[in-house]
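Residue numbers (my numbering), protein chains in the order written: chain A, 8 to 266; chain B, 2 to 76.
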C-alpha cells in the first residue's frame, strides 16, 4: 500500500516541491495541502503521515515557525494531538522542526507550551553547508541510515536551546528516552562538541535532530530532501556522492505504510 | 491604549546578535561598551487589558524557554 502523506504548506514554505518529489519517488502518495485548507477541512486523519517541510513560514516573523505552529496548535490542536497519539509518523524538516518545537509536539509529544527553543545560530549568520550526522537512536523513522551520514543544513535559527538552569536535567530525560536522534559530528563520527563548523549552529550537545519518546515524531535541521540523489552531493563528480536523505525518507515512508 | 512589549533572550542564553553588535561597536572605537543585548519590541494598539497582553506574550510573542518579556503601557 502506498501511504498518503500530507505535506503541509503555508506562506513562505519553499522546500515543499522537492519534498513531494522525494516522497513520490519512494512510492508514497504525497499531497501538498495549504495550512488554511487543512484548518477548513480538518482532514488530517485521512493521512498516514505528516511532513512539515523547510522554508520560512510566515516570513519567520516573531520567531522561526512560531506563527505556523500557532495555526496548527490553536486551530487543529486536537487533530494534531490525536495524530501524534496514534503513533502516525511526523517529520519536521528545518522550519518544520522549528514548527514542531513551537507547537510543543517536540520533544515530549504534547501540543502546548514549547519545552525548548531553536534560536539564532551562535555565528549570528545563515548557515548553509553540508554536515556530518551521528545516528544516536534506533527510531524507525531513520530507516537504514548509517551511523555517520551527510546532509546539508540551511538555516539561521538552528541552535537548540534547553531551559537555562535545567538544561542538564532536560538533556538527561531526552537521553534516557533515546530522543536525541541525530548529532552533528566530524567525518569520522566523533561528536562535534560544539566546534564550528562541524556543529554549524552552536546547538546544545550538538543536537541536530530529536524525536518524541516513542520515536514517531522526528524533527531535524538538516534537509534529507536535498541529499536525495548522489548528484546533489558536492563530491558526486568524483564518485563519492551519498544518498543519505533518500535512506532516511525511505524509513519514514515505510513507517507511514504501516501506520 | 498603546502597549509596548519587549522580548529579549533570558540571561544565560547566548545572544549572538548582541555579541556581534558589541564587537562592531568596539571596532568603531566604543571601548566603553560592556554588554549589548538584543531585543524585539512589539507596539500593540487597541482596547486590550494587561492580562490579555500577558497572554499574548505567553502564547505567541515569547518562547518561555529562551526569552523573557516586559510589558509597558505607553498611552
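Even glycine gets a Cβ: it sits at the ideal position worked out from N, Cα and C.
#1: Check whether the stretch 232 to 246 of chain A and the stretch 36 to 43 of chain A touch, using three or more Cβ-Cβ pairs below 8 Å as the test.
#2: Which value, in whole angstroms, describes the spacing of the CA atoms of residue 10 of chain B and residue 265 of chain A?
#3: Is residue 95 of chain A buried or exposed, if buried means 16 or more other CB atoms sit within 10 Å of its CB?
#4: Would you call residue 164 of chain A buried or exposed, if buried means 16 or more other Cβ atoms sit within 10 Å of its Cβ?
#5: Could one say the Cβ of residue 38 of chain B lies closer than 8 Å to chain A's Cβ atoms, at least one of them?
#6: Could you tell me if residue 3 of chain B is buried or exposed, where buried requires 16 or more neighbouring beta carbons within 10 angstroms of its beta carbon?
#7: Against chain A, does residue 27 of chain B count as a neighbour if the rule is that its beta carbon must be under 8 Å from one of theirs?
#8: So, is the C-beta of residue 62 of chain B closer than 8 Å to a C-beta in chain A?
#9: Report yes or no: do the stretch 167 to 177 of chain A and the stretch 133 to 141 of chain A share at least 3 C-beta pairs separated by less than 8 Å?
#10: Residue 13 of chain B versus chain A: which residues are under 8 Å apart at the beta carbon?
#11: Please list the partners that residue 7 of chain A has in chain B, where partner means a Cβ-to-Cβ separation under 7 Å.
#12: Can you round the beta-carbon distance between residue 209 of chain A and residue 128 of chain A to whole angstroms, since I take them to be within the 8 Å contact cut?
#13: Mind checking residue 234 of chain A: buried by the 16 CB within 10 Å criterion, or exposed?
#14: Measure the beta-carbon distance from residue 196 of chain A to residue 155 of chain A and round it to whole angstroms, keeping in mind my assumption that it falls under 8 Å.
#15: Considering only the beta carbon of each residue, do residue 148 of chain A and residue 54 of chain A sit closer than 8 Å?
#16: Can you pull the chain B neighbours of residue 78 of chain A, defined as C-beta to C-beta under 7 Å?
#17: Mind listing the chain A neighbours of residue 21 of chain B? Cutoff is C-beta to C-beta under 7 Å, in chain order.
#18: Can you say whether residue 263 of chain A is buried or exposed, counting buried as having 16 or more other CB atoms within 10 angstroms of its CB?
#19: Measure the alpha-carbon distance for residue 7 of chain B versus residue 246 of chain A and round it to whole angstroms.
#20: Buried or exposed: residue 32 of chain B, going by 16 or more other Cβ atoms within 10 Å of its Cβ?
#21: Indicate whether at least one CB of chain B lies closer than 8 Å to the CB of residue 161 of chain A.
Here's the rundown:
#1: Contact annotation: the stretch 232 to 246 of chain A does not touch the stretch 36 to 43 of chain A, with fewer than three C-beta pairs closer than 8 Å.
#2: In a straight line, the C-alpha of residue 10 of chain B is about 42 Å away from that of residue 265 of chain A.
#3: Buried, by the Cβ-count rule.
#4: Buried, because 16 or more other Cβ atoms sit within 10 Å of the Cβ of residue 164 of chain A.
#5: Interface with chain A (8 Å Cβ-Cβ cutoff): residue 38 of chain B is excluded.
#6: The residue in question, residue 3 of chain B, is exposed, as its Cβ has fewer than 16 Cβ neighbours within 10 Å.
#7: Residue 27 of chain B does not count as touching chain A.
#8: Yes, contact with chain A.
#9: Contact between the stretch 167 to 177 of chain A and the stretch 133 to 141 of chain A is not established, with fewer than three Cβ pairs separated by less than 8 Å.
#10: Residues of chain A passing the Cβ test: 171 and 172.
#11: Because chain A is modelled from 8 through 266, residue 7 of chain A falls outside the range shown and cannot be assessed.
#12: Contact holds; Cβ gap of about 6 Å.
#13: It is buried - the Cβ of residue 234 of chain A has at least 16 other Cβ atoms within 10 Å.
#14: That belief holds up - the Cβ atoms of residue 196 of chain A and residue 155 of chain A are roughly 4 Å apart, short of 8 Å.
#15: No.
#16: Taking a Cβ-Cβ cut-off of 7 Å, residue 78 of chain A has no neighbours in chain B, whose nearest Cβ is about 11 Å from it.
#17: Ordered by position in chain A, the residues that pass the 7 Å Cβ test against residue 21 of chain B are 131.
#18: Label assigned to residue 263 of chain A: buried.
#19: Distance between the alpha carbons of residue 7 of chain B and residue 246 of chain A is about 52 Å.
#20: Result: exposed.
#21: Not one chain B Cβ lies under 8 Å of residue 161 of chain A.
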